[in-house]
Each structure stands twice: as C-alpha cells, then as structure tokens.
Amino acid sequence: MVDFYEYSTPELVRLLGNRFKEYRIRCNLTQKDVSEQSGIGLTTIHKFENGIAGNILLSTFIVLLKVVGQISGLEEFDYYLIKLGNSPYSSAELEMSYYELATMAGINMMPFSSNSYNT
1 MVDFYEYSTP ELVRLLGNRF KEYRIRCNLT QKDVSEQSGI GLTTIHKFEN GIAGNILLST
61 FIVLLKVVGQ ISGLEEFDYY LIKLGNSPYS SAELEMSYYE LATMAGINMM PFSSNSYNT
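In terms of this note's numbering, the sequence shown has 7 at position 7, counting the first letter as 1, and numbering is strictly consecutive.
This is the structure:
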C-alpha cells in the first residue's frame, strides 16, 4: 500500500495527473477532446498530465473525472466524509443549554414578549 504522507502536494498532483492521462487514453480521448468536453483549457490539461502543474483546483479535477467516466471513484471518499449527528453547538441546543444553566442558577431567561417594554 502506498503511503501518501511521504509525498508532497505537487508530487501527489503529479501522480493524479499521470493516472488521469491513463484514463484519458483508455477512453480514446485527446487532450483537445477533454478540453472541449470539460471547458478546461488545453494548457491546464497538458500541465496536469505532464506533472508541470504543482496544483489543481478540486473542482477542475472533478470535471476532468466526469469526462473520463471516473467520477464514481470518489465513492471511496465517502468513507472519510463521516456523517455527523447534530452538533451540541447548534443554536437550538445551545439556547436550551443556556436556558437549563440559567434555570439551575436561578436566573429567569424567559423570552421577552412584544409588550415587555410597555409599562
């Protein structure tokens, strides 16, 4: 198994570019075809595939994956995108926490009514 931590970001981008080039060739597409289908400049694609680009936008990479039919490869990332439950810091829960704390401290935190200031 490859230890990706040993690679710098530009090296990882170079690896992705090489792999993308393999997929493009398997799809019998030229760089020009990919450029036309994706709306991404030919120079960007050339630099990406040849390891010249030290960086690439994630959105650009996703578009390129779609063109070569490899967008389903992102399913593996779903494992890392853990679905979290409600945050204890969400506003409704936070308000309830403040209310409970205030009640325990004997402080009245009842919401003001629209007539509160009319005395």
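All C-beta atoms, glycine included, are put in the ideal place defined by N, C-alpha and C.
Take the alpha-carbon of Pro10 and the one of Phe4: they are about 12 angstroms apart.
In the structure shown, Asn18 adopts helical secondary structure according to DSSP, grouped into three states. For Ser38 against Val67, the beta-carbon gap comes to about 5 angstroms, under 8 angstroms, which counts as contact.
Taking C-beta atoms as the reference points, Ile40 and Leu15 fail to come closer than 8 angstroms. In this structure, Gly73 lies away from Glu49, with their beta-carbon atoms at least 8 angstroms apart. Assigned with DSSP and collapsed to three states, Val13 falls in helix. The Cβ atoms of Ile45 and Ser59 lie no closer than 8 angstroms to each other. Setting aside the 5 residues that flank it on each side, Gln31 is surrounded in the same chain by Arg24, Leu42, Ile45, His46, Glu49, each with a C-beta closer than 8 angstroms to its C-beta; the list follows chain order. Selection Gly54, Val13, Gly51, Lys21 evaluated against Gln70 yields Lys21 as nearest (Cα-Cα). By alpha-carbon distance to Gly54, the top candidate from Thr103, Tyr7, Val13 is Val13.
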